[in-house]
Structures are given as C-alpha cells and as structure tokens.
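Undergrad:
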Amino acid sequence: MNVLPFLKRWFLFKLFFSYYSIMKDLNAEIWLPHFWFFLYSTAHNYPDFPNKVMKRKYYDFVSNIPLFCPNVSIQKKLIELLDYFPVTPYLDNRDSFTYWIHFIQNKLHKEIGMEEKQYFQHLDEYYNRFLPKQYKLSEKLGIQKRHIIFALLFILACFIIYYTQ
Numbered sequence: 001m002n003v004l005p006f007l008k009r010w011f012l013f014k015l016f017f018s019y020y021s022i023m024k025d026l027n028a029e030i031w032l033p034h035f036w037f038f039l040y041s042t043a044h045n046y047p048d049f050p051n052k053v054m055k056r057k058y059y060d061f062v063s064n065i066p067l068f069c070p071n072v073s074i075q076k077k078l079i080e081l082l083d084y085f086p087v088t089p090y091l092d093n094r095d096s097f098t099y100w101i102h103f104i105q106n107k108l109h110k111e112i113g114m115e116e117k118q119y120f121q122h123l124d125e126y127y128n129r130f131l132p133k134q135y136k137l138s139e140k141l142g143i144q145k146r147h148i149i150f151a152l153l154f155i156l157a158c159f160i161i162y163y164t165q
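All letters in the sequence shown, in the order written, are residues 1 to 165 by the UniProt record's numbering.
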C-alpha cells in the first residue's frame with residue numbers, strides 16, 4: 001500500500017474542512033450590513049402585484065437564506081425566526097415584503113445585541129447609498145478652504161484692478 005497518496009488526500013481533506021469551519025464563523029459586523037443591503041435590494045425589486053410563480057420563487061429564496069449565512073449561530077437564529085415569522089403572508093406586494101425584511105432584521109439584531117432601527121430610518125439609509133458622493137473642492141484638490149478663498153479673492157482683485165485702469 002502506497003502511503004503517500006493517502007497522506008496527501010488526508011492532508012487536503014483536513015485543510016479543506018479547517019478552512020470551511022473558519023468560513024462558517026465570520027464576524028457579523030463585517031458581512032451582515034452587506035447581507036441586509038442585498039436583501040433590501042431584493043425586496044425593493046419585488047413586484048407590486050406578484051403572481052403565484054413569483055410568490056413561490058421568493059418563498060423558496062427566503063426559505064434558503066440561512067443556507068448562505070456565513071455564521072453558524074446567526075444561521076440558527078435565522079432559521080428560528082423564519083419558523084416563528086413565515087414570509088408567506090407578506091408576499092402579496094412589495095411594501096409588505098420590504099416591511100417583513102425590516103422586521104426580521106430588527107428581530108435578529110435584537111437577538112445578537114445590535115441596534116434596532118425604525119422602518120423609515122432603514123429606507124433612508126438604503127436610498128442614501130444610491131446618491132452620488134458629494135466632493136468638496138478642498139478635499140478633491142487636497143488644499144484648505146482658506147487657501148481657495150484667498151486665491152479667488154486675489155484673482156477677483158487682479159481682475160478689478162486690470163479693468164479699472
């Protein structure tokens with residue numbers, strides 16, 4: 001019996017499962033905001049008047065959400081929340097589905113010790129992410145505001161002196 005291929009397979013097996021176990025306990029502060037942003041984006045694209053097929057597809061999607069959660073404890077809590085608060089009654093329109101996502105988010109945040117937010121606060125934060133960033137000229141050029149004001153006043157003074165002569 002050749003021991004080398006066996007050891008190689010054993011080592012790869014151990015390496016894979018040790019890496020996999022590390023990936024199942026990721027820090028929620030890092031990935032959870034992105035997770036909720038994705039779910040809110042999904043909810044905001046839900047049809048206003050869905051048919052039975054769409055309702056079923058979204059029901060299946062929501063039922064499988066815990067499978068994609070990279071933290072085992074949060075995964076278990078999500079499964080419990082989905083059992084206690086099923087999505088089915090909230091699949092009639094976009095607003096109710098979005099509100100259900102918000103409700104589940106607050107319930108999960110309460111259980112893991114994170115801050116709960118009001119529904120409209122979530123909507124404001126969500127839509128503000130799509131606004132273009134506002135850049136100040138001083139930040140973009142890397143100079144202080146007083147230097148910009150001084151330069152504009154100097155140019156204005158030169159302009160006035162030139163045209164008054």
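Ideal placement from N, C-alpha and C gives every residue a C-beta, glycine not left out.
Going by DSSP, what residues sit across from Asp25 in a beta bridge?
TA: Against the sequence shown, residue 25 aligns to sequence position 25. Partner(s): Asn71.
Undergrad: State the start and end residues of the unbroken alpha helix (DSSP H) segment that holds Tyr163.
TA: Locating residue 163 in the sequence shown gives position 163, where the first residue counts as 1. Run containing Tyr163: 145-164, per the alpha helix (DSSP H) assignment.
Undergrad: For the alpha helix (DSSP H) holding Gln121, just list the boundary residues, first then last.
TA: The sequence position of residue 121 within the sequence shown is 121, counting from 1. 119-128 is the span of the alpha helix (DSSP H), which, as asked, contains Gln121.
Undergrad: Since I believe Ile101 is in contact with Leu39 (beta carbons under 8 Å), could you give me their beta-carbon distance rounded to a whole number of angstroms?
TA: Your numbering for residue 39 matches position 39 in the sequence shown. Your numbering for residue 101 matches position 101 in the sequence shown. Confirmed, about 5 Å.
Undergrad: Give the range of the alpha helix (DSSP H) segment to which Met54 is assigned.
TA: To locate residue 54, count along the sequence shown from 1; it is residue 54. Taken as a continuous stretch (DSSP letters only), the alpha helix (DSSP H) holding Met54 covers 52-64.
Undergrad: How far does the alpha helix (DSSP H) with Asp95 in it extend, from its first residue to its last?
TA: The sequence position of residue 95 within the sequence shown is 95, counting from 1. Run containing Asp95: 94-112, per the alpha helix (DSSP H) assignment.
Undergrad: Report the CB separation of Tyr119 from Tyr99 in whole angstroms; it is logged as a contact under 8 Å.
TA: By one-based count along the sequence shown, residue 119 stands at place 119. By one-based count along the sequence shown, residue 99 stands at place 99. Going by Cβ atoms, the distance from Tyr119 to Tyr99 rounds to 6 Å, so yes, they are a contact pair.
Undergrad: How big is the Cα-Cα spacing for Leu108 and Pro132?
TA: Counted from its first residue, the sequence shown places residue 108 at position 108. Counted from its first residue, the sequence shown places residue 132 at position 132. Approximately 30 Å, taken between the alpha carbons.
Undergrad: Once DSSP output is grouped into helix, strand and coil, what is the label at residue 170?
TA: With the chain represented from 1 up to 165, any question about residue 170 goes unanswered, as that position is not in the structure.
Undergrad: When you compare only the Cα positions, how much space is there between Ala43 and Ser96?
TA: Looking up residue 43 in the sequence shown gives position 43. Looking up residue 96 in the sequence shown gives position 96. About 9 Å.
Undergrad: For Asp48, name the three-state secondary structure that DSSP assigns.
TA: Here residue 48 refers to the residue found at position 48 when the sequence shown is read from its first residue. Here Asp48 sits in coil by DSSP.
Undergrad: Taking its Cβ as the centre, do 16 or more other Cβ atoms sit within 10 Å of Gln144, making it buried, or is it exposed?
TA: Here residue 144 corresponds to residue number 144 of the sequence shown, with the count starting at 1. Answer is exposed; the Cβ neighbour count stays below 16.
Undergrad: Can you look up Ser41 in the DSSP assignment and give me helix, strand or coil?
TA: Along the sequence shown, read from residue 1 onward, the residue named residue 41 stands at position 41. In this structure, Ser41 counts as helix in the three-state DSSP scheme.
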